[in-house]
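Visitor: One structure follows; several queries about it will come next.
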Amino acid sequence: MELNSILWGDDSAEKDENLLSYFVDTDSYGRLLRKSKFLVVGRKGSGKSALRKKLANSFDQQKGIHVVNITPSYSSIRNIVNEESFSEGFGEEIFFQHSWLRQIMLDSLSLLGHKAKGKYTSDSMEFARGISVELNRTSKDLVENISDILTRVKVKAGKLGDLGLQLERELRAVAEVDALEHHLRSIAESGAEIVIMVDDLDLGWDNSDVSNNMLLGLLAASSYLMALSRNIHVFVYLREDVYSILMSRTQHSDKYRNIERIRWSKASLVNLIERRIIFNMKQSGEELSDRPFLKVFPETVGTHNTDNWLVERTLSRPRELIQMARFYTEGLHGDKPDSETLKACEPTYSSWKLDDLCTEYSNQYPNLSTIFSFWKTRFFRNKYHLKREEVDEMLFQIFTEAEVNQSWFNDIADQADFESFLHILYEIGFIGDFVQGGQGGSKTFFSYSDRHEPRFEEVQIHPCFRKSVNTVERMR
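For the sequence shown, the positions run 87 to 562 when my numbering is used.
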């Protein structure tokens, strides 16, 4: 097998036509298949959409289960977030809760009306079939539904608060929740199982009050729908940083703690790579190997085992590992692994990942790229392992010399708050907290893998980013 011909799959699970052929069954998948959770939380690139695709396929194959997929587009969410009316008194969680209830119930009834054909409660199925015909088998876009509700509410009030004690009743009436709820519950109680999956919610999200209230409204609507019938289940897929922000902004965070948090071990990440290698070997008609990983990758890179070396250069996310593997094999010629080719990928890959990190957190911490540009020039050939006094000196230079000009940064810099800045670098995964000695020896903790309260007595720049900020390879 020519190694540069390996197809590793698309970075986007939705576009990967072979995903189900090499999907790795995990404990998370098993729990979600049993519908024991409704919130699926993971960092960008951790496999949330892959899980959704596999679950949707599994549920579709079960008799009597109807899967409703809701994935708002980037433009839809941006249009909602930028609507002036929401910043002027309509962008409250309760408004979005009823908007989501209408959207989800219309989508569900439309699908049931198209597919069910004569099953379940007859009156409610006639209602669902009517919706299916009226909406041509799909509900209106989220923007259209929200616009309809917003227009009707505006007729009744100048601001949402002007509706007073009748607020929820008016919103239910405007969104036509009572009728939709009655028929959806009747169909569910007569035997139809409805699984609703809502994903791609970070597209267009900007950490504004409106965008956060829109997502909190979705969580409230999802809890409400699942309380209607045991045959209705909602899965909401959220980025981990978005979930944390939402929990800090609601009084009902205790209702949303039973989450499925996606975590990958080294073994599961290597398994993910091997499954894709095996798929390619079968496609090319090659005899399968006992150690498929070593058919593609060298056993060692320098003094490190390659599997350790690769996984250490990710933030334990499949997308990063796949990107590295693809970049490596595209540079090969023939059917033999090559450690020098793999090692040569690291600088470019590291730069990609630092750019991606800045983009991932651009809503919470805009202009991160300016800080890292300063870091890699001002601290050129610096160590990656730093004692607290060393890192404080570096941060002082960043605070006084880097031109970031963003409120989040200025507030920290004005106070010379090194601790808060280190917590941000730790949270996003740029640094780890190195703990000397103790049971099990020294260890570096990273935010994405362990429950840990960092002390920052010593820190290490993550291996993924060391090349991009021009550190030296030695530890001390």
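Think of the CB as a built atom: it goes at the ideal place given N, C-alpha and C, for glycine as much as any other residue. None of these values were measured; they are calculated from a predicted model.
Per DSSP, what are the beta-bridge partners of E544 in this structure?
Guide: Answer by DSSP bridge pairing, in chain order: K473 and F520.
Visitor: Within the segment 133-206, note down every full beta strand (DSSP E) run reaching 3 residues or more, in order along the chain.
Guide: Runs of the beta strand (DSSP E) inside the segment 133-206: 151-156.
Visitor: Measuring alpha carbon to alpha carbon, tell me which of G116, N298 and D536 ends up nearest E179.
Guide: Residue N298 is the option with its Cα nearest to E179.
Visitor: Check R325 in the structure and name its three-state DSSP category.
Guide: R325 falls in the strand class under three-state DSSP.
Visitor: For a quick check, are the C-beta atoms of G371 and A278 less than 8 Å apart?
Guide: Cβ distance not < 8 Å, so G371 and A278 don't count as in contact.
Visitor: Label K140 either buried or exposed according to how many other C-beta atoms from any shown protein chain fall within 10 Å of its C-beta, with 16 as the threshold for buried.
Guide: By the 10 Å Cβ count, K140 comes out buried.
Visitor: Which class does L125 belong to by DSSP, given the choice of helix, strand or coil?
Guide: The answer is strand: DSSP assigns L125 an E or B state.
Visitor: Name the DSSP beta bridge partners of F379, please?
Guide: Answer by DSSP bridge pairing: none, since F379 is not bridged.
Visitor: In chain order, what residues of the same chain lie with their CB nearer than 8 Å to the CB of A502, ignoring the 5 residues before and after it?
Guide: Hits under 8 Å: F482 and F485.
Visitor: Using C-beta distances below 8 Å, list every residue in its chain close to E262, excluding the 5 sequence neighbours before and after it, in chain order.
Guide: R188.
Visitor: Could you give the DSSP three-state label for I345: helix, strand or coil?
Guide: If DSSP states are grouped into helix, strand and coil, I345 belongs with the strands.
Visitor: Looking at the secondary structure, which residues open and close the alpha helix (DSSP H) in which F504 lies?
Guide: Its alpha helix (DSSP H) spans residues F504 to I514.
Visitor: When you compare the CB positions of I99 and A136, do they come within less than 8 Å of one another, or not?
Guide: The sequence as given places Ala at residue 99; Ile does not occur at that position. Contact: yes.
Visitor: In this structure, how does DSSP classify K529 when only helix, strand and coil are distinguished?
Guide: Strand, per DSSP.
Visitor: Determine the DSSP secondary structure at H338, reduced to helix, strand or coil.
Guide: Looking at H338 - three-state DSSP - the assignment turns out to be coil, as it is neither helix nor strand.
Visitor: What number of angstroms, rounded off, separates the C-alpha of T434 from the C-alpha of A411?
Guide: Using only the alpha carbons, I get a separation of about 13 Å.
Visitor: Is there contact here, the segment 468-477 with the segment 537-548, by at least three beta-carbon pairs under 8 Å?
Guide: A contact exists between the segment 468-477 and the segment 537-548.
Visitor: Can you give the Cα-Cα distance for S159 and S294, rounded to whole angstroms?
Guide: Going by the C-alpha atoms only, they are around 18 Å apart.
Visitor: With H, G and I counted as helix, E and B as strand and the rest as coil, what does DSSP make of T400?
Guide: It is coil, neither helix nor strand.
Visitor: Count the CB pairs spanning the segment 362-379 and the segment 317-324 that are closer than 8 Å, and state whether there are at least three.
Guide: The segment 362-379 vs the segment 317-324: no contact.
Visitor: Whole angstroms is fine: what's the gap from D419's alpha carbon to V558's?
Guide: The amino acid at residue 419 is misidentified as Asp; the sequence shows His. Approximately 30 Å between the Cα atoms of the pair.
Visitor: Have a look at L428 and F413 and give me their C-alpha separation to the nearest angstrom.
Guide: C-alpha separation (whole angstroms): 9 Å.
Visitor: Sort I166, D340, L443 and D111 by Cα distance to I517 and report the nearest one.
Guide: The option with the nearest alpha carbon to I517 is L443.
Visitor: Rounded to whole angstroms, what's the CA-CA distance from F465 to N394? Just pull it up for me.
Guide: C-alpha separation (whole angstroms): 27 Å.
Visitor: Shorter than 8 Å from the beta carbon of E230 to some beta carbon of chain D?
Guide: Reference to chain D is not applicable here, since this structure consists of a single protein chain.
Visitor: Contact check, L407 vs T415 under 8 Å by CB: the rounded distance?
Guide: Contact doesn't hold; Cβ gap of about 13 Å is too wide.
Visitor: Within 8 Å, do at least three Cβ pairs link the segment 158-178 to the segment 263-276?
Guide: Not touching, per the Cβ criterion.
Visitor: Can you check which of these residues, S233, R215 and L106, is closest to N168 by C-alpha distance?
Guide: Closest option to N168, Cα to Cα, is S233.
Visitor: Check for me: the alpha helix (DSSP H) holding M312 runs from which residue to which?
Guide: Taken as a continuous stretch (DSSP letters only), the alpha helix (DSSP H) holding M312 covers D295 to L314.
Visitor: Out of curiosity, what's the CA-to-CA distance linking P384 and S455?
Guide: Computed Cα separation, rounded: 34 Å.
Visitor: Go to E256, then tell me how far its alpha helix (DSSP H) extends in each direction, as first and last residue.
Guide: First-last of the alpha helix (DSSP H) with E256: L253 to V260.
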